[in-house]
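Engineer: Quick note: the sequence shown uses UniProt numbering, first residue 1, plus one each step. Note that the Cβ used here is the ideal one computed from N, Cα and C, for glycine as well.
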Amino acid sequence: MGIPDSSDQAKLVLYALGRFLFKRFKWLDDLRDLNSSIQNLQAAMQLMPDGYIFKQECFVLLGKSLLIRFDRFDNLTDLNESVTNYQEAVRLTPDSDPIKPTLLASLGVILGARFDRHDDMVDLSSSIQKLKEALQLTHVSEASPDRPNWLTYIGISLRTRFRARGDVSDLNDSVEKLRQALTPSNDPHHPAMLSNLGNALRVRFERLSDLDDLNESVQKMHEALRLTPDTHYSKPGRLNNLGNILNARFYRLGDPEDLKLAIQKLQEALQRTPDLHPHKPTRLSNLGLSLQANWEKFGDPIDLNKSVERHLEALKLAPDGHPNRCMLLNNSGIALKTRFDALHNRSDLDEAF
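1. Is the number of C-beta pairs between the segment 264 to 274 and the segment 236 to 246 that are closer than 8 Å three or more?
2. Throw me the rounded Cβ distance for the Ser125 and Gly155 pair, which I believe falls under 8 Å.
3. Just to confirm, is the Cβ distance from Tyr153 to Gly112 under 8 Å?
4. Once you ignore the five residues that flank Lys235 on each side, which residues in its own chain have a CB closer than 7 Å to its CB?
5. Comparing C-alpha positions only, which one of Lys132, Asn40, Met121 sits nearest to Leu107?
6. Spatial neighbours of Ser307 within its chain, please: C-beta separation below 7 Å, excluding the five flanking residues on both sides.
7. Give the straight-line distance between the Cα atoms of Lys55 and Leu28, rounded to the nearest whole angstrom.
8. If we cut at 8 Å on Cβ distances, does Ala16 have a partner in chain C?
9. Three-state secondary structure (DSSP) at Ile128?
10. Tell me whether the segment 41 to 60 and the segment 69 to 77 touch, counting them as touching only if at least three CB pairs, one residue from each stretch, are closer than 8 Å.
11. Would you mind giving the Cβ-Cβ distance between Leu317 and Lys280, rounded to the nearest angstrom? I have them listed as a contact below 8 Å.
12. Please tell me whether Pro191 and Ala224 are closer than 8 Å, where the distance is taken between their beta carbons.
13. Can you tell me the Cα-Cα spacing of Arg159 and Ala10, whole angstroms?
14. Out of curiosity, what's the CA-to-CA distance linking Phe250 and Phe70?
15. How should Val122 be labelled, buried or exposed, when 16 other C-beta atoms within 10 angstroms of its C-beta is the threshold for buried?
16. Kindly indicate which three-state DSSP category Met48 falls into: helix, strand or coil?
17. Between which residues of its own chain and Asp210 is the CB-CB distance below 8 Å, once the five residues before and five after are set aside?
18. Alpha carbons only, please: which of Pro148, Pro101, Asn149 is nearest the one belonging to Lys130?
19. Out of Asp119, Tyr52, Lys64, Leu62, which one is the CA nearest neighbour of Leu92?
20. Can you name, in chain order, every residue of its own chain whose Cβ lies under 7 Å from the Cβ of Ile110, other than the five neighbours on each side?
21. Within 10 Å of its beta-carbon, does Ala314 have 16 or more other beta-carbons around it, so buried, or fewer, so exposed?
22. Excluding five sequence neighbours on each side, which residues of the same chain lie with their C-beta closer than 7 Å to the C-beta of Pro256?
23. Would you report the Cα separation of Ser285 and Asn331, rounded to the nearest angstrom?
24. From the DSSP output, in three-state form, read off Ile53 for me.
25. What separation, rounded to the nearest whole angstrom, lies between the Cα atoms of Asp5 and Asp116?
26. Nearest by alpha-carbon distance to Arg226: which of Ser195, Glu142, Ile99, Met48 is it?
27. So, with DSSP's three-state summary, where would you put Asp116?
28. Please classify Tyr233: does DSSP put it in a helix, a strand, or coil?
29. Taking the beta carbon of Leu104 as the centre, do at least 16 other beta carbons fall within 10 Å, making it buried, or is it exposed?
30. Is the Cβ-Cβ distance between Ser65 and Phe22 less than 8 Å?
31. Note down, in chain order, each residue of its chain lying with its Cβ closer than 8 Å to the Cβ of residue 378, except the 5 sequence neighbours on either side.
32. Consult DSSP for Asp5 and reduce its assignment to one of helix, strand or coil.
33. With 16 other CB atoms within 10 Å as the buried threshold, where does Ser217 fall?
34. Buried or exposed for Asn247, please, with buried defined as at least 16 other CB atoms from any protein chain shown within 10 angstroms of its CB.
35. For Phe25 versus Leu14, is the C-beta distance shorter than 8 Å?
36. Please state whether DSSP places Ala342 in a helix, a strand or coil.
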């Protein structure tokens, strides 16, 4: 005989079955378990009034399950429902509950993921707000292992909002949060934290032209690269970032050693980047720009020819529809026009146009 849907036993059975199926999915990675877990948790939720002992936990588990399914199948309905479930879990959780900061931070991260899909600034601002609320709760101590990650997420999100709105206070807050996020030098995440701070300082230098930001950005990028193992997946990106900021400092201060080192780092970044990597075209173009600067500084036509070659290689790897194709076309055209002005080869002028 079936259990009546309205009984306490039905709620418990559905919830317990949903939890078990979620755990089995985590063990075996069988998507049928994930789907069944979601169905049972949703059914249990329909029977649970506010104040029911397991309702908050059910919201959290359902939110996690839906987020995992979104990551697998990219169904926006799952993402939206995950947000709703985490919002409800936060609503039902008092500030004094030790889990409240984690729930707020999780909601902030999921709202950030939805911003990445929709570019809705409301989601980005809500994401920042929820993560700040998580940090402000009294039981999040300075020594909390989650604190650096939450500060990092806030810092990166503030930098994103600055790019969209141009509010310098967001940029300053971003630098502050990323500085607070720095972990001890023996922490495995320390190089990534240094790189994040270096990038934010670079953006602030581009906006405010403060030489202290430029120099500190170079220093943080150097240190991040030094601490990154050669086999780490982030090594090419950090080489590229250091090359770009050294190039920026060369343009500001004119020290040829900065340009020489920039070219070296950009070449090494390219050597470590496969042709099919989405950032390969941009990294080729970055090296082309530095080689062109080297030609302008020292007048060696070999650098100019290599610059054009790198720009044209970048275009070949960036078909129509590539997000940076317009920039790559512009850089290639400038390089070809520069070589025409220097060497007077008509084909360069024709190709530039």
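Structural biologist: Considering the structure as presented:
1. yes
2. 15 Å between Cβ atoms; not a contact.
3. yes
4. Thr228, Arg272
5. Lys132
6. Gly288, Leu291, Gln292, Trp295, Ala335
7. 26 Å
8. Protein chain content of the structure displayed is limited to a single chain, and chain C is not contained in it.
9. DSSP places Ile128 in helix when its eight states are reduced to three.
10. no
11. 5 Å
12. If you check the CB distance, Pro191 and Ala224 come in under 8 Å.
13. 48 Å
14. 45 Å
15. exposed
16. coil
17. Arg204
18. Pro101
19. Measuring from the Cα of Leu92, the nearest candidate turns out to be Tyr52.
20. For Ile110, where only same-chain residues beyond five positions count, the Cβ hits under 7 Å are Leu67, Ser82, Val83, Tyr86.
21. buried
22. Lys297
23. 7 Å
24. coil
25. Note that Asp5 scores a pLDDT of 48, beneath 50, so its modelled location is shaky and nothing firm can be said.
26. Ser195
27. helix
28. coil
29. buried
30. A contact, by the Cβ cut-off of 8 Å.
31. This structure cannot settle anything about residue 378, because the visible part of the chain is limited to 1 through 353.
32. Here the model assigns Asp5 a pLDDT of 48, short of 50, so the residue's position is not dependable and the matter cannot be decided.
33. buried
34. Buried is the call here.
35. no
36. helix
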